[in-house]
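A.B. asks: First the structure, which I've put down as structure tokens, then a few questions once you've had a look.
Residue numbers (the numbering used here): 22 to 90.
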């Protein structure tokens, strides 16, 4: 599981996907999120701007990202 270290209080979902190199662009992040392919803490998330905080786990195509503060 890859981790993303927060530099502020939160990171947006689309930004986290790009930071983990799971998508190539913000447009691709938007597409996969709106298609219901991304899970946040085990639930489908359709909000590209969803604020992720310490402890959140993002899943996409069998890969997981943990957000750490």
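Note that beta-carbon positions come from the ideal geometry of N, C-alpha and C, so glycine has one too.
This one's a predicted model, so the numbers in the text were calculated from it and none came from an experiment.
1) Kindly indicate which three-state DSSP category residue 71 falls into: helix, strand or coil?
2) Do residue 48 and residue 69 have their beta-carbon atoms positioned less than 8 Å apart in this structure?
3) If you compare alpha carbons, which of 72, 78, 53 is closest to residue 61?
4) Out of 55, 73, 88, which has the shortest C-alpha to C-alpha gap to residue 67?
5) If the criterion is Cβ atoms closer than 8 Å, does the pair residue 63 and residue 75 meet it?
C.D. replies: Walking through what the data contain:
1) Sequence index remark: in the chain shown, residue 71 carries index 50 (1-based). Three-state result, residue 71: coil.
2) Along the chain shown, one-based indexing puts residue 69 at 48. Along the chain shown, one-based indexing puts residue 48 at 27. Between residue 69 and residue 48, the C-beta gap is not smaller than 8 Å, which leaves the two residues out of contact.
3) Translated into positions along the chain shown, residue 61 becomes position 40. Nearest C-alpha to residue 61: 78.
4) Walking along the chain shown from the start, residue 67 turns up at place 46. Of the candidates 55, 73, 88, 55 places its Cα closest to the Cα of residue 67.
5) In the chain shown, the residue the question calls residue 63 occupies position 42. In the chain shown, the residue the question calls residue 75 occupies position 54. Contact: no.
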